[in-house]
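Let me begin by presenting the structure, written as structure tokens, before commenting on it.
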Amino acid sequence: MSSKLNPLDLYDIRSELSEDEIIVKDSVGRYVDEKVIPLMSDAFEQHNFPRHLIGELAELGLLGSSINGYECAGLNSVSYGLICQELERGDSGLRSFVSVQSSLVMFPIYTYGSEEQKQRWLPIMARGEAIGCFGLTEPHGGSDPSNMKTHAKRDGEDWILNGSKMWITNATIADIAIVWAKTDEGVKGFIVEKDMPGFETQEIKNKFSLRASVTGALFFNNVRIPEANVLPGTSSLKGPLSCLTQARYGICWGVIGAAQACLNEVLDYTQDRILFERPIANTQTIQIRMAEMGRQITAAQLMSLRLGRIKDKDQLNPTQVSLAKWNNCRAAIDIARDARDILGGAGISAEYVSIRHMLNLESVITYEGTETVHQLIVGKELTGVNAF
Ligand code: TGC
Ligand code: FAD
């Protein structure tokens, strides 16, 4: 007789993890249980990103955790995935903060930056003393960044930047923005510092999703950028798109955490909710719905672990990330919506986590490439035809 399975890990993914990976998962998991989950419902209701957590995330080594050197932890890709999963079990907004800081700001500085840029920014970003944001999306359409209007022109030793970016995580709390702009020499990445004259930010308020995360717009009006703030290692759209591959990979894992939180909630709730003289967990329909959640979570876990192992061998193809981003976000949002329904009227209350995860996942399925974008990336791979 085999022992009872863990409902949140039906294929015992844990047994596939190294000792180091288990330590990362368990320590971040404990932190999320003790310090994050108790405050996220309020933070979401109050539309407030709990900034005091940044120092704690830094102390745990979670900022730029995949980078070697520069005071970063140098963890492998599976560990980064597990960090995202545990943080998003708390709230997608917190995982978003870490995704942007690590994959979208520290990664491009590490990969495309000069040694001076790395020395200047990476250690203070790892310590949480400087916060970053990533400006690619523009108001007229984020799915097609090749149509960006933001541009920069050389002026002597400097560059002059004009344009705007929309829907930018961390916009108003960031010390630096990695801004992607068209130039006569191709698409380049600029490190825009918050005090540079002509650079302004504005928070986007009244969101129904990711309320515990800061989102805003960036405006550039003749911002003078010294050559020392240009990332020298990239001059095409491949630069920003390669950053997206890193962040999308983290999301593949992250949304598993959100889905696990929802399944966990309904597993408890349905045991105690007595209707027609029996717990609703004893009905076939509720069991089938929760079994479906278990099936989807297991598939997402297997895809993410395989993706992580391929990434750690440096053999990752971005299309493989698109397939998992599509699959896992779709699974997580379906699970969250169904969990909300199983909770009945209680499911609309902030006392339960499912509706918060459900609302957050509306952003997660949209940002870092919408579901349609990822389907078309996979379609292009299968057919060889670009149908965008
Ligand atoms: P395309 O011709 O396909 O590609 C141009 C060059 O880039 C290469 N490439 C990639 N490289 C690495 N990773 C990827 N994911 C890559 N995708 C493409 C490609 O091989 C090519 O290289 P080369 O050497 O041949 O020049 O470019 P396209 O203009 O046709 O675009 C294709 C498309 C639609 C897939 C792309 O534009 C896209 O991915 N659109 C979606 C945009 C998006 O995801 N934006 C996200 C903004 S950031 C964000 O949402 C942060 S939220 C964070 C949070 O809070 O957690
Ligand atoms: P659009 O591109 O206008 O898409 C509208 C609809 O058209 C979508 O349903 C899309 O799937 C569909 N569509 C697009 N192309 C096709 C096609 N060829 N065929 C059929 N349908 C198509 N961006 C950043 O740069 N940095 C950030 O930090 C950041 N953070 C974000 C945080 C939040 C909370 C949100 C919501 C967004 C964030 N974004 C960020 C922006 C995000 O990446 C974009 O919202 C996303 O890429 C989609 O762009 P869009 O909103 O302009 O939608």
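This note's numbering applies: residue 927 is where the sequence shown begins, and numbers increase by one. Cβ coordinates follow ideal geometry from the N, Cα and C atoms, glycine included.
Bridge partners of residue i, per DSSP?
i            : result
residue 1119 : 1102
residue 994  : 999
residue 1292 : In the DSSP output, where bridge partners are listed per residue, residue 1292 has none listed.
residue 1085 : 1080 and 1151
residue 932  : 935
residue 1156 : 1116
residue 1257 : DSSP, once it has assigned bridges, lists no residue as partnering residue 1257.
residue 1166 : In DSSP, residue 1166 forms no bridge with anything.
residue 1204 : 1201
residue 1214 : Paired residue(s): none; residue 1214 is not in a bridge.
Should residue i be counted as a contact of the ligand TGC given a C-beta to heavy atom distance under 7 Å?
i            : result
residue 1070 : yes
residue 1095 : yes
residue 1259 : no
residue 1299 : yes
residue 1026 : yes
In angstroms with no decimal places, state the Cα-to-Cα distance between residue i and residue j.
i            : j            : result
residue 1253 : residue 1080 : 43 Å
residue 1142 : residue 1119 : 16 Å
residue 1321 : residue 1104 : Only positions 927 to 1314 of the chain appear in this structure, which leaves residue 1321 out of reach.
residue 1303 : residue 1251 : 11 Å
residue 934  : residue 982  : 27 Å
residue 1269 : residue 1195 : 7 Å
residue 955  : residue 1088 : 43 Å
residue 1091 : residue 1131 : 16 Å
residue 1309 : residue 931  : 40 Å
residue 980  : residue 1099 : 12 Å
residue 1043 : residue 1115 : 12 Å
residue 1173 : residue 946  : 22 Å
residue 1232 : residue 1150 : 45 Å
residue 1301 : residue 1041 : 38 Å
residue 905  : residue 1203 : Examination of residue 905 is not possible in this model, given that the chain is present from 927 through 1314 alone.
residue 1177 : residue 1086 : 34 Å
residue 999  : residue 1050 : 13 Å
residue 1224 : residue 1182 : 9 Å
residue 1074 : residue 1113 : 9 Å
residue 1161 : residue 1293 : 23 Å
residue 1097 : residue 1139 : 10 Å
Return the Cβ separation of residue i and residue j in integer angstroms, given the expectation that the two are a contact with Cβ distance under 8 Å.
i            : j            : result
residue 1017 : residue 1286 : 7 Å
residue 1035 : residue 1024 : Incorrect: roughly 16 Å between the Cβ atoms, too far for contact.
residue 996  : residue 1056 : No, residue 996 and residue 1056 are not in contact; Cβ-Cβ is about 12 Å, not under 8 Å.
residue 1222 : residue 1207 : Contact flag wrong, Cβ pair sits at about 19 Å.
residue 986  : residue 957  : 6 Å
residue 975  : residue 1019 : 6 Å
residue 1283 : residue 1137 : Their Cβ separation, rounded to whole angstroms, is 12 Å, which puts residue 1283 and residue 1137 out of contact at 8 Å.
residue 1289 : residue 1168 : About 22 Å; that fails the 8 Å criterion.
residue 1047 : residue 963  : Not a contact, Cβ separation roughly 31 Å.
residue 1144 : residue 1127 : 6 Å
residue 1021 : residue 1030 : Rounded, the Cβ-Cβ distance is 13 Å, inconsistent with contact.
residue 1032 : residue 990  : 4 Å
Taking 7 Å as the cut-off, does the CB of residue i come closer than this to any heavy atom belonging to the ligand FAD?
i            : result
residue 1167 : no
residue 1010 : no
residue 1248 : no
residue 1061 : yes
residue 1289 : yes
residue 1296 : yes
residue 1159 : no
residue 1314 : yes
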